Amino acid sequence: MNFKHFIFFLTFIFTSASGDEDLSLRDIYVITDVITPGDISSGQTLSSSKLNTQFQRDTASLLETFTGIHSANNGSVSSIPYMHGFNDDRIRISVDGVDLNSACTSHSDTDLSFVNIDDVDFVKVFAGITPVSMGGDSIAGTIKIKTKKPKFNSTQEWSESANIKSFYKSNSDEQGVNIKTNLVTDTAYIQYSGTYSQANNYSSASSFKSESYGGSSDKSSIGNDEVGSSGYRMENHQLSYGYQLENHLLELKLDYQNMPYQGFVNQRMDVIGQNSHKINLTDTINFSWGVVELQAYHHQVETKMNFGKNKNFIYGAAQGMSMTHHGYTTGLNAVADMVLNDKTSVKYGLETQMYEVDDSWDPTGGMMMAPNVMKNINDGKRDRYSLFVEVERQWSKAWFSQQGIRLTQISMDTGNVQGYKESIYGTDATNFNQAQKSKQDTHVDVTFSTSYSPNLYQTHEFGYSLKNRSPTLQERYLWSNTAMANSMANWFGDGNGYVGDIDLDKETAHTFAYAAIFHDSNKNVWNLHINPYLTYVDDYIDAVSYVSRDDGFRTLTLGNQKAKLYGIDIRGNMNIGSVNTLGHFTINGQLNYSRGQNTETNDDLYHVMPLNLKLSLDQQLNRWTNSINIQLVDNKKHTNDMRQELQTSGYALVDLKSSYQQDDFLINVGIYNLFDRDYDHPLGGVYLGQGRTMSTDTSGVTYANASNVPGMGRALYSSIQYNF
């Protein structure tokens, strides 16, 4: 019996599995006078009470409240999180215990795009040092999201509750409605949540397209301040059922998403239809010694891409370019959280995930896109089998440690491919089909952290982790060197085309982190967190060579190199107190600096956020909560030469937010970008929102280095929520 079969077998027979990942020694067993660990061991958390004043409908925008995490432009509701310079493929993103993968080469189906922002209950983030119980096959960290569920009541009679929320944003005319209803007894609940939202293109603060902008073509009616392909339409539905029987809590969640349209401002194509179905079943079992959780889930998504309304549809005889991506993910998890004694707990588990992708493009006529179906990834498989053990120990009132080890096997394979036309794609397809495509990687992940609290006013933490990540299906199996085809293979928003490498090695990251936390004795007046970090990555998957193209972009080939990333996160807040009749005031701040380098080429890594600072002043006055938020971003001068990454200028943004709550009524109003500042987000990518986005020849259309994707101009936001 090999490792894969061993793990699969144990998953089914495992009966003492774990509870929710939030449960730890301090949740299960109270030790008096112990100072709990800070950022490295426990992560950062954002609760639902702080989610009501967001300007964005993109769930990934919630991550902007954490230090060291930023969102890169992608689709209108599927921005890509970057953590300390690492993109989403290197981050474990878990939603209700389910972590998914992008079947679309443009990452239109990012994990967080399937989560309605109004359903989020809390977000938990581990940046850098991640406990092995939080997942493997990632080197950056973990983002964990839980969606809302009702609480059981005290009687056997069904009780009803509901709330409705509507929202509107002036810039882009974004609007929508969310409805949530609950039926609850002392042992059961039924919950439904549904959202419909849509938006048009947004506008920047000023014109950003020159008269010679190459992307205008027959879409020149788009205004010079309008960001093409930035609108969307979407609906989400979630039906949940929970039943409590003795020490078991059985929960079933059914999710459905329909997205008729999602524009991509920095990609050559748009989503013209996406449907997703997910079923998630868990059994949480409480024992006197701890908590148990068994989980099974299945997710499938179908994405259709083509040119949206702002991009040219006809290229000679070719009528569009129809692409379809199918992704199928099935997982089985069994994890146990056990208290051994009043000082020690152990968490251990088994996890399996089977993942499959089919990526095919229909023939559409013309010289290059017929007569065959283009098989970009044919029956690609990426299966993962893991087991882990993690121990937490409170050695004394001052010392705490957490250590763990995870073993993982990744099995990957794919079928034969073909191009539209034998004379154009035949050589690449033949070379790929004759290669040995079946690959297996074995991971060993080790994490150790310890914290020391000499008194009630400070905690010091030290951490080290050894993490592995295997290539994605796209990184390993994208095969065409033809500019038109590999231009579709881009999840970076840089306009280039990408070619994979079957023989890519797994990435191995060594991360060192330190956290110093200072606060008042009761932790309710002030606190300051200082967290420097350093990561070395062997066999870092990066663009290693290129071929120049007539459109100014490049065809890039992926390969293994070496890299290092380092930086510091600082955050803090202070409870200023009440000021006469003006209310209660709190000030918050966070500073982030990151730098990433390819140590073999001395090139800067792509999409690393420059120095940035966020400040907010919050006021609480009776039923009103008001805040002013300031964001300062430095010039982006460290850019990736291989990808021709564009530099950006520094900027300052000011937002105003206000909310009023009375009983069951809540209203939020705000102004985003109060002074209508013109700016380019450092992770915005190259503007490809309109015109002849598929032109890769000598027709005179040149996008490369034409324009960054501009940020949104001033926008008024409002939402109204009522609870029944």
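Per our numbering, the very first residue in the sequence shown carries number 553; after that it's consecutive.
From the three backbone atoms N, C-alpha and C, an ideal C-beta is built for every residue, glycine too.
Note that the structure is a prediction, hence the values are computed from the model and not measured.
Asked, Found
"To the nearest angstrom, report how far apart residue 1143 and residue 1119 are at their CA atoms.", "11 Å"
"Taking only the alpha-carbon atoms, compute the straight-line gap between residue 1070 and residue 1175 and give it to the nearest angstrom.", "31 Å"
"So does residue 857 have its beta carbon nearer than 7 Å to some heavy atom of the ligand FAD?", "Although the ligand FAD was asked about, the structure shown includes no ligands whatsoever."
"Give me the Cα-Cα distance between residue 965 and residue 833, rounded to the nearest whole angstrom.", "28 Å"
"Between residue 862 and residue 1241, how many whole angstroms is the CB-CB distance? I'm expecting something under 8 Å.", "6 Å"
"Can you give me the C-alpha to C-alpha distance between residue 1107 and residue 1028, rounded to a whole angstrom?", "16 Å"
"Are the CB atoms of residue 675 and residue 614 nearer to each other than 8 Å?", "yes"
"What does the Cβ neighbour count give for residue 803, buried or exposed, with the cut at 16 atoms within 10 Å?", "buried"
"If distances are taken between C-alpha atoms only, which option among 941, 1180, 1053 comes closest to residue 998?", "941"
"To the nearest angstrom, how far is it from the Cα of residue 528 to the Cα of residue 1140?", "With the chain covering only 553 through 1276, there is no way to say anything about residue 528."
"Closer than 8 Å is the cut-off here; do at least three beta carbon pairs connect the stretch 1055-1074 with the stretch 995-1010?", "yes"
"Since I believe residue 686 is in contact with residue 694 (beta carbons under 8 Å), could you give me their beta-carbon distance rounded to a whole number of angstroms?", "4 Å"
"Among all the DSSP beta bridges, which residues are the ones paired with residue 871?", "866"
"Just to check my reading of the structure: residue 827 and residue 799 have Cβ atoms closer than 8 Å, yes? What is that Cβ distance to the nearest angstrom?", "Residue 827 to residue 799, Cβ: 38 Å. No contact."
"Does the beta-carbon distance from residue 779 to residue 753 come in below 8 Å?", "yes"
"Between residue 871 and the rest of its own chain, which residues show a CB-CB distance below 8 Å, the 5 nearest in sequence each way excluded?", "865, 916, 917"
"Could you pull the start and end residues of the beta strand (DSSP E) that residue 997 belongs to?", "991-1007"
"Grab me the residues of residue 494's own chain with a C-beta within less than 7 Å of its C-beta, minus the 5 sequence neighbours each way, in chain order.", "Residue 494 lies beyond the residue range present for the chain, which begins at 553 and ends at 1276; the question has no answer from this structure."
"Which of the three DSSP states is assigned to residue 977 in this structure?", "helix"
"Can you tell me whether DSSP reads residue 1276 as helix, strand or coil?", "coil"
"Nearest CA to the CA of residue 1130: which residue from 1238, 1077, 1167?", "1077"
"Assuming residue 815 contacts residue 849 under a Cβ cut-off of 8 Å, what Cβ separation, rounded to an integer in Å, is found between them?", "Going by Cβ atoms, the distance from residue 815 to residue 849 rounds to 30 Å, so no, they are not a contact pair."
"Looking only at its chain, what residues have a beta carbon closer than 6 Å to the beta carbon of residue 1219, apart from the 5 residues adjacent to it on each side?", "1212, 1272"
"Can you give me the Cβ contacts of residue 993 inside the same chain, cut-off strictly under 6 Å, excluding the 5 residues immediately before and after it?", "962, 1022, 1058"
"Would residue 1207 pass as a contact of residue 1181 if the rule is Cβ separation under 8 Å?", "yes"
"Distance, Cα to Cα, residue 889 vs residue 1046?", "44 Å"
"Please determine if the stretch 1030-1042 and the stretch 700-711 are in contact, where contact requires at least 3 C-beta pairs separated by less than 8 Å.", "no"
"Could you tell me the alpha carbon to alpha carbon distance between residue 938 and residue 886, rounded to whole angstroms?", "10 Å"
"Which of the three DSSP states, helix, strand or coil, is assigned to residue 670?", "helix"
"Which residues mark the beginning and the end of the beta strand (DSSP E) in which residue 1037 is found?", "Segment 1035-1038 is the alpha helix (DSSP H) holding residue 1037; no beta strand (DSSP E) there."
"Return yes when the Cβ of residue 922 is within less than 8 Å of the Cβ of residue 856, no when it is not.", "no"
"Could you tell me the boundaries of the alpha helix (DSSP H) in which residue 1029 lies?", "1025-1029"
"Can you grab the Cα-Cα spacing for the pair residue 841 / residue 955, in whole Å?", "20 Å"
"So for residue 1134, helix, strand or coil by DSSP?", "coil"
"Hey, quick one: how far does the beta strand (DSSP E) through residue 1177 stretch, first residue to last?", "1176-1185"
"Thinking just about the alpha-carbon of each residue, which of 729, 742, 1008 is nearest to the one in residue 1277?", "It is not possible to answer for residue 1277, since the shown part of the chain is limited to 553 through 1276."
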